[in-house]
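Number of protein chains: 2
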Amino acid sequence: MSELQNDRLLRALLRQPVDKTPVWMMRQAGRYLPEYRATRAKAGSFMDLCRTPELACEVTLQPLARFPLDAAILFSDILTIPDAMGLGLYFGDGEGPKFHRPIRCQSDVAALGVPDPEEDLRYVMDAVRLIRRELCHRVPLIGFSGSPWTLATYMVEGEGSKQFARVKGLLFDEPDVLHDLLAKLADAVIAYLNAQIAAGAQAVMLFDTWGGVLAPDNYQRFSLAYMQRIVDGLTREFAGHRIPVVLFTKGGGQWLEVMAGSGCDALGVDWTTDIGEARERVGQKVALQGNLDPCVLYASPEVIRNAVGKVLESYGAGSGHVFNLGHGIHPEIPPEHAAAMITAVHELSVQYHV
Amino acid sequence: MSELQNDRLLRALLRQPVDKTPVWMMRQAGRYLPEYRATRAKAGSFMDLCRTPELACEVTLQPLARFPLDAAILFSDILTIPDAMGLGLYFGDGEGPKFHRPIRCQSDVAALGVPDPEEDLRYVMDAVRLIRRELCHRVPLIGFSGSPWTLATYMVEGEGSKQFARVKGLLFDEPDVLHDLLAKLADAVIAYLNAQIAAGAQAVMLFDTWGGVLAPDNYQRFSLAYMQRIVDGLTREFAGHRIPVVLFTKGGGQWLEVMAGSGCDALGVDWTTDIGEARERVGQKVALQGNLDPCVLYASPEVIRNAVGKVLESYGAGSGHVFNLGHGIHPEIPPEHAAAMITAVHELSVQYHV
Chain X
1 MSELQNDRLL
11 RALLRQPVDK
21 TPVWMMRQAG
31 RYLPEYRATR
41 AKAGSFMDLC
51 RTPELACEVT
61 LQPLARFPLD
71 AAILFSDILT
81 IPDAMGLGLY
91 FGDGEGPKFH
101 RPIRCQSDVA
111 ALGVPDPEED
121 LRYVMDAVRL
131 IRRELCHRVP
141 LIGFSGSPWT
151 LATYMVEGEG
161 SKQFARVKGL
171 LFDEPDVLHD
181 LLAKLADAVI
191 AYLNAQIAAG
201 AQAVMLFDTW
211 GGVLAPDNYQ
221 RFSLAYMQRI
231 VDGLTREFAG
241 HRIPVVLFTK
251 GGGQWLEVMA
261 GSGCDALGVD
271 WTTDIGEARE
281 RVGQKVALQG
291 NLDPCVLYAS
301 PEVIRNAVGK
311 VLESYGAGSG
321 HVFNLGHGIH
331 PEIPPEHAAA
341 MITAVHELSV
351 QYHV
Chain S
1 MSELQNDRLL
11 RALLRQPVDK
21 TPVWMMRQAG
31 RYLPEYRATR
41 AKAGSFMDLC
51 RTPELACEVT
61 LQPLARFPLD
71 AAILFSDILT
81 IPDAMGLGLY
91 FGDGEGPKFH
101 RPIRCQSDVA
111 ALGVPDPEED
121 LRYVMDAVRL
131 IRRELCHRVP
141 LIGFSGSPWT
151 LATYMVEGEG
161 SKQFARVKGL
171 LFDEPDVLHD
181 LLAKLADAVI
191 AYLNAQIAAG
201 AQAVMLFDTW
211 GGVLAPDNYQ
221 RFSLAYMQRI
231 VDGLTREFAG
241 HRIPVVLFTK
251 GGGQWLEVMA
261 GSGCDALGVD
271 WTTDIGEARE
281 RVGQKVALQG
291 NLDPCVLYAS
301 PEVIRNAVGK
311 VLESYGAGSG
321 HVFNLGHGIH
331 PEIPPEHAAA
341 MITAVHELSV
351 QYHV
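Chains X and S, in that order, are what the protein sequence lines are. Be aware that the first sequence starts at 1, since it is given in our numbering, and climbs by one per residue. Be aware that the second sequence starts at 1, since it is given in our numbering, and climbs by one per residue.
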């Protein structure tokens, strides 16, 4: 880590002392920034933006030019792996992600190959390399992937879902088919994240956006078990540096103890859990990342500062906390409100690191 | 209760011994039933169906003609109160509920009156009276209302929402305005539910569909505090019978302890919490209602039976459990699958009540 000018994020994820609490935002490179919207317009489609390393690098760095953030996160989509598996990812106008060829049965699963990251997902690895070069060791770069369960929900439903009828139908009626799919996805995610690490990602995060729609036993069997397999398969040391791994199950506040047992370094926590109580529950096992309600950023800078103070106070003294929103920043947020949050984190957290 | 032929539901809600676990389903009168769709077509709009006591009674009783359910629940909408307050409820084609005149500021709140249930919501009370007459003491009738917070989300957003930007904007920036609105809604809900009880409802349930989108401290201040006020204001004994009160916050599994302290008789639990762990956490304070994942009903009758068995086993021996889905039954579920669940509950639960 020595070459990093600002290694607060990596230190906090490993629960090492820091001078102040590091902060970044999920979707920090995104539509709330006018400069992002300009690059996006230039790129054409959203996927063109993801697939063009120069543009992905440009938007990754935009929030760092505006705000004193403690990390960059690769700009990409969580569905690059199923796309590389041949499902045909596309985005309708104003709609979420969809697949031309969803997965519906055992033979669909059997036909899936595990993508070679440097071949089939080279545009992602090229973006990682380019971002690392452009970052010049200022802050660390976080790589990421969707979790197997979350990828499977989109692959089976064919699009976003509210009720997850198809993928849960598979879970209940043909669990072996779903397990085959999840095992293949876990292999693909391991290869994908290890390639990101080899290309320069200095920490990695698994986004389990839809784990929270499962009953507790099914969460453990169909989501956490495969994240665990990934944690076990990841490169944890690279070029002499420890690579922290963060798991984030949205709506997973009830399951932090079992998640903390997976061997990961940190857990993302959404805003429905008090972060101080979360810290008590996980003890010394993991660091925590979160967890301001993203809607607080609609409020005035004074209200934002107070809300930041409450999260910091709840976590309390000592390292092991990475400040973040409990979910991605909304497109309507004024950038000055994000700035107010980031400033407040740095100013108000000093007292907890003496 | 002596006049009821089947008082299992009321006994279980009060944690009195039963011969088998009672069962009903949220949205049991609904689109998954062809006879419901026929009545709905006859009625015209969804709100016409709610507003015509004879038709509301007809659909309320339909599932009881098919299945050996242990309770009827009033067929109505959760947004009748804001509609009666003058906001103008309507449903676009294939869309959720919307209001012509949403609430945006203090003067909007100040202009709201508390509806007189027997005047402004007489169609609901007439439906309750008619259903009670038609039920002929076979099973108890459950009345219900949306929680103040849940009503406020629709009233402020003007429609359903995923992010709740407007109502949370009010919460963070103008909390006093929101408190005024919630206080008025709590008064309205107390009057509404007490009128339902006077008209014949034998248990009442508060649906807090959107409490789970709040951070823990805000949940307690903006949702639970007003449900608590309602619990305190309800008629708890009527015509010599105890009227059980059930609170259900979807996504509230992390907060069962504080909810159980509200003075209610039972808590609804969604499927993301293990019901046996929930029972340990709330102890002897309240009964529990739930909590099969509604998506299990897409699976085969054998899988449904096994899943029912697991929920019953997790709750364990003794009374205090009302079996239900963790949320409303989906419109695509074959009625035979609901039948398989209900049969399994009655057959498999006998062993836990010896």
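From the three backbone atoms N, C-alpha and C, an ideal C-beta is built for every residue, glycine too.
query: When the distance is taken between beta carbons, is residue 282 of chain X closer than 8 Å to residue 257 of chain X?
result: yes
query: Roughly how many angstroms separate the alpha carbons of residue 7 of chain S and residue 254 of chain S, rounded to a whole number?
result: 31 Å
task: Output yes or no for whether 8 Å exceeds the beta carbon distance between residue 60 of chain S and residue 75 of chain S.
output: Result yes, Cβ atoms of residue 60 of chain S and residue 75 of chain S sit closer than 8 Å.
message: By alpha-carbon positions, which one of S:233, S:198, S:225 ends up nearest to residue 190 of chain S?
response: S:233
message: I'd like to know if the region 183-201 of chain S and the region 129-142 of chain S are in contact, where contact means that at least 3 CB-CB pairs between them fall below 8 Å.
response: With contact defined as three or more Cβ pairs closer than 8 Å, the region 183-201 of chain S and the region 129-142 of chain S are in contact.
Exposure of residue 128 of chain S, with buried meaning 16 or more beta-carbon neighbours within 10 Å: buried
Bounding residues of the beta strand (DSSP E) (the contiguous stretch that carries residue 246 of chain S): Its beta strand (DSSP E) spans residues 245-249.
- prompt: residue 79 of chain X: which of X:71, X:47, X:163 sits nearest, CA to CA?
  reply: X:47
query: In three-state DSSP terms, what is residue 34 of chain S?
result: In the three-state reduction of the DSSP assignment, residue 34 of chain S falls in the helix class, which pools H, G and I.
- prompt: In chain X, what lies closer than 7 Å to residue 215 of chain S by C-beta?
  reply: 271, 272, 293
query: Is the shortest distance between the beta-carbon of residue 254 of chain X and the beta-carbons of chain S less than 8 Å?
result: Judged by the 8 Å Cβ criterion, residue 254 of chain X is in contact with chain S.
- prompt: When the Cα atoms are used, what is the spatial distance from residue 41 of chain S to residue 146 of chain X?
  reply: 43 Å
message: Give me the DSSP bridge partner(s) of residue 324 of chain S.
response: S:291
message: When you compare the CB of residue 156 of chain X with every CB in chain S, is at least one pair closer than 8 Å?
response: no
N- and C-terminal bounds of the beta strand (DSSP E) containing residue 98 of chain X: 97-99
- request: Spatial neighbours of residue 45 of chain X within its chain, please: CB distance less than 8 Å, with the 5 preceding and 5 following residues excluded, ordered by chain position.
  value: 91
message: Taking beta-carbon pairs under 8 Å, can you tell me which members of the region 295-318 of chain S lie near chain X?
response: 295, 296, 298, 299, 300, 303, 307, 310
task: Work out the CA separation of residue 276 of chain X and residue 1 of chain X for me, nearest whole Å.
output: Residue confidence is low: residue 1 of chain X scores 46 on pLDDT, short of 50, so the model does not pin down where it sits. Its coordinate-derived value is still stated next. If you take the alpha carbons of residue 1 of chain X and residue 276 of chain X, they lie about 28 Å apart.
- prompt: Going by alpha carbons, who is nearest to residue 114 of chain S out of S:137, S:184, S:169, S:96?
  reply: S:184
query: Does the beta carbon of residue 15 of chain S fall short of 7 Å from some heavy atom of the ligand NAP?
result: With respect to the ligand NAP, the structure shown offers nothing to examine, as it has no ligands at all.
task: Within the same chain, show all residues whose beta-carbon is closer than 7 Å to that of residue 245 of chain X, passing over the 5 residues directly before and after it, in chain order.
output: Only residues of its own chain outside the window of five on either side were considered, and among them 204, 231, 234, 264, 265 have a CB closer than 7 Å to the CB of residue 245 of chain X, listed in chain order.
query: Cβ atoms of residue 268 of chain X and residue 290 of chain X: under 8 Å apart, would you say?
result: yes
query: Quick one: complete alpha helix (DSSP H) runs, 4+ long, within the region 209-247 of chain X?
result: Fully enclosed alpha helix (DSSP H) runs of 4 or longer: 225-233.
- request: Using a threshold of 8 Å, state whether the C-beta atoms of residue 359 of chain X and residue 303 of chain S are closer than that.
  value: No answer is possible for residue 359 of chain X: the residues shown for chain X start at 1 and end at 354.
- request: Name, in chain order, the residues that DSSP records as bridge partners for residue 90 of chain S.
  value: S:98
field: Between the CA atoms of residue 285 of chain X and residue 16 of chain X - distance to the nearest angstrom
entry: 13 Å
- prompt: Is there a Cβ from chain X that is less than 8 Å from the Cβ of residue 28 of chain S?
  reply: no
task: Just the chain X side, please: which residues come within less than 8 Å of residue 251 of chain S by C-beta, in chain order?
output: Those within 8 Å of residue 251 of chain S in chain X are 251, 272.
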